[in-house]
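Following: one structure in structure tokens, then a few remarks.
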Amino acid sequence: MAVAARIDQDAVAGLADERLDWRFKSVPHALFGLTVGEALAKRPGLFRDGFTGPVVALDNEAVEHNLATMAAWCAERGLALAPHGKTTMAPALFARQLQHGAWGITAATVGQLRVYRAFGVSRVLFANEFLDPGGLAWLAGELAADPDFEFTCWVDSVRGVELMTEALTTVPLARPVHVLVEVGMAGGRTGVRDQSTARAVAEAITASPALRLAGVGGYEGPAGPDAGEGSLAAVDAYLGRVRETVAMLRGRFETDTVLVTAGGSAFFDRVADALTAPWPAGLPVLPVLRSGAYITHDDGFYRDISPLGAHPRVSSVPPLRSALRAWAQVVSRPEPGLALLAVGKRDVPYDIDLPEPQVLRTATGTHGLHDARVTALNDQHAFLSVGSHTRIAVGDWVGLGLSHPCTVFDKWQLLPLTGTDGETVVDLVRTFF
């Protein structure tokens, strides 16, 4: 099995030395001035120590379950995992993914890549075109400074190859940059739309003194909006095109291992089937999955569509668990059937699904919340519709399930990670967006 990438553990540990202050919107005032490590030594509680609302918290037990589950499933299927780091942009969580055997971490922008390198991530899959000349000059410097740094990106046009070559040949380049031909789909994002373009791009890469053809990559997500049979068939058809492109380019690859990668967090079971099916003899394929949202899962989009969600398509491992919850206080009951929560678009995701009311915390205890739903979000308020028999008072707290983790983390610079009691904070997870 492919060897896991590394991260600078000292740099990750150094995050505990950052001092807490006004930059972190949910941190209790009583912890201001302490380092993260000093604050955690106090074993603070979300509610007993007054984390200010709204606050999004992570469930450590669920995070660990998801890490172990995905690692076991990938190992069982013979897949390397390079989770997309854009989901969390949290080096401490990258470290845990790598500890569970991740082959690398995926990036999509130069900004993300610079964060990864600041924390010493040794293997990065850049799942995007990389044409910015300033960024390429910086990359060349990173490759020269660190012989152990492994980097691979995508390209989908001859012009893109030309631009990369032009940028990389005007700066000192210690070794060629590995690139994959990206396969796209009609109406989708980037990626070649036909085999003749794929062949032309591959020919341009092999003619470039600055690049090496290392494999084929793509993203199946745009093929299907749901888990219905039509979507699954479209995903399979797209993945078939990826395989056809690999076979067509056989003999042109310039690396010892042919990297073939796909896989978001919705159809990774289909990706596994396609990428681990037998390849032509003598073709040394390394199948790499890039799913990122699995680490927290969610209570919305991925719960409904993931192969390890509420309607699992995979039975060999247990389902993933949602590790995200937002807590917001009821600040107004201005009319029957309506409560206003102090949480809004600046705090929680709304791009796919609105938050899901799940738990009510009152002065007398915590219990499930069923006859309520969020109907709209303003910048700082959520409109909660409540049934006539549901008792919610000003001052109560509502626990909200969240959908689409990729638009949760970017709203928070520091997120508390709670232990098994759901109250004690065992870590404060720093993000870098």
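Numbering (the working numbering), first residue to last: 11 to 443. We treat Cβ as the ideally placed atom computed from N, Cα and C, and that holds for glycine.
Straight-line CA distance for residue 44 to residue 438? 13 Å
Going along the chain, which unbroken runs of the beta strand (DSSP E) with 3 or more residues stay wholly within the stretch 150-198? 160-165, 187-193
Who pairs with residue 139 in a beta bridge, going by DSSP? 164
Using CA coordinates, which residue listed in 336, 14, 29 is at the minimum distance from residue 105? 14
Determine the DSSP secondary structure at residue 54, reduced to helix, strand or coil. coil
Residues bridged to residue 259 [DSSP beta-bridge criterion]: Residue 259 is not bridged to any residue.
Give me the residue from 116, 396, 63 with the minimum Cα distance to residue 353. 63
Residues in its own chain within less than 7 Å of residue 434 by CB, not counting five upstream and five downstream? 53, 55, 428
Own chain residues within Cβ distance below 6 Å of residue 297, not counting five before or after: 89, 270, 285, 286
Which residue comes first and which comes last in the beta strand (DSSP E) that contains residue 411? 407-411
Around the Cβ of residue 342, are there at least 16 other Cβ atoms within 10 angstroms (buried) or fewer (exposed)? exposed
I believe residue 274 touches residue 304 by the beta-carbon criterion, under 8 Å. Please report the beta-carbon distance rounded to the nearest angstrom. So it is not a contact: roughly 10 Å between Cβ atoms.
Quick check: the Cα distance between residue 58 and residue 422, rounded to an integer number of angstroms? 21 Å
Helix or strand or just coil, what does DSSP make of residue 345? strand
With DSSP as the reference, label residue 74 as helix, strand or coil. helix
First through last residue of the beta strand (DSSP E) which encompasses residue 437: 435-440
Does DSSP put residue 119 in a helix, in a strand, or in coil? coil
Could you give the first and the last residue of the continuous beta strand (DSSP E) run that contains residue 393? 392-396
Can you tell me whether residue 37 is helix, strand or coil according to DSSP? coil
Burial state of residue 300 (16 or more Cβ within 10 Å): buried
Relative to the C-alpha of residue 12, which candidate in 92, 171, 385, 68 has its C-alpha closest? 92
Tell me, please, which residues DSSP counts as bridged to residue 296. 269
Using a Cβ-Cβ cut-off of 6 Å (strictly less than) and excluding sequence neighbours within five positions of residue 175, which residues of its own chain qualify? 218, 220
Residue burial classification, residue 37 (beta-carbon count within 10 angstroms, cutoff 16): buried
Return helix, strand or coil for residue 319, following the three-state DSSP convention. coil
Do residue 261 and residue 232 have their C-beta atoms closer together than 8 Å? no
By the 10 Å Cβ neighbour count, where 16 or more other Cβ atoms means buried, how is residue 378 classified, buried or exposed? exposed
Since residue 409 and residue 335 should fall inside the 8 Å C-beta cutoff, what is the C-beta to C-beta distance between them, to a whole number of angstroms? 5 Å
Excluding the 5 residues flanking residue 168 on each side, which residues of the same chain have their C-beta closer than 7 Å to its C-beta? 210, 211, 214
Where residue 127 falls: helix, strand or coil (DSSP): helix
If you follow the beta strand (DSSP E) that residue 69 is in, where does it begin and where does it stop? 65-69
Taking the beta carbon of residue 402 as the centre, do at least 16 other beta carbons fall within 10 Å, making it buried, or is it exposed? buried
Quick one: Cα of residue 295 to Cα of residue 289, how far? 8 Å
Residues bridged to residue 94 by DSSP? 116
Where does residue 201 fall in DSSP's three states? coil
Write down the C-beta distance between residue 99 and residue 419 rounded to the nearest angstrom, noting that I regard them as a contact closer than 8 Å. 6 Å
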